[in-house]
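Trainee: Supplied in structure tokens, the structure appears directly below.
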Amino acid sequence: MATITLTGKVVGKASEPPVSVKEYQGREGAGMKLASCSINDREYCYFKNKDDNPGQFYRVEFSGRYADLAVDQLELGTWVTVVGQPVWRQYNGQKYLDVKNAKFTLAQDRKTAPDGKLPF
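In terms of our numbering, the sequence shown opens at residue -15 and continues consecutively.
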């Protein structure tokens, strides 16, 4: 199985929660949570004019324990490093890269870094 690692900021509409949650039935019949959010990675996308860089957006899904942690810890603007399975989807004739079965680690906020850059 292929994996992808990315670091970015949790983004979304200010009027909606940053992490959405769905309940589903697991293999054992127990109720399971599936949490999802959007992450924008602007650091590692190359554009000649950096002011025009919209970044790359990813839809990330967490399940099990990470779904609970995502609801508790992720807010709009939170820097996070995500590792998961890359999955392509097509919507309105365009391809998008999603990340499924993801795990995350909170990354240091750029505002608190001495030089304004991410620590890695």
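Backbone N, C-alpha and C fix where the C-beta goes; we use that ideal spot for every residue, glycine too.
1) Below 7 angstroms CB to CB, which residues in the same chain sit around K84 once its five sequence neighbours on both sides are set aside?
2) For the candidate residues V66, V(-5), M16, L(-10), whose alpha-carbon lies nearest to that of D52?
3) Measure the CB-CB distance between T(-13) and T65 and report whether it falls below 8 angstroms.
4) Considering just the uninterrupted stretch of the alpha helix (DSSP H) at R49, what are its terminal residues?
5) Hey, how far is the Cα of A(-2) from the Cα of L60?
6) Taking DSSP as the reference, what is the three-state secondary structure of P70?
7) Measure the C-alpha to C-alpha separation of L58 and P38 and round it to an integer number of angstroms.
8) What did DSSP end up calling T89 once you bin it into helix, strand or coil?
9) Just verifying my parser: in three-state terms, what is the DSSP assignment at A19?
10) In chain order, what residues of the same chain have a beta carbon less than 6 angstroms from the beta carbon of F88, not counting five sequence neighbours either side?
11) With 16 other CB atoms within 10 Å as the buried threshold, where does G77 fall?
12) Considering only their Cβ atoms, is the gap separating V(-5) from A54 smaller than 8 angstroms?
Mentor: So, to answer that:
1) Excluding sequence neighbours, K84 sits near E45, G68, Q69, V71.
2) Relative to D52, the option among V66, V(-5), M16, L(-10) whose CA is nearest is M16.
3) Not a contact, by the Cβ cut-off of 8 angstroms.
4) First-last of the alpha helix (DSSP H) with R49: 49 to 57.
5) If you take the alpha carbons of A(-2) and L60, they lie about 8 angstroms apart.
6) The answer is strand: DSSP assigns P70 an E or B state.
7) Those two C-alpha atoms are separated by around 21 angstroms.
8) Here T89 sits in strand by DSSP.
9) Annotated three-state conformation of A19 is strand, per DSSP.
10) Within the same chain, and ignoring the five residues on either side of F88 in sequence, the residues whose Cβ sits closer than 6 angstroms to its Cβ are V64, V66.
11) Exposed is the call here.
12) No; because the gap between Cβ atoms is not below 8 angstroms, this pair is not in contact.
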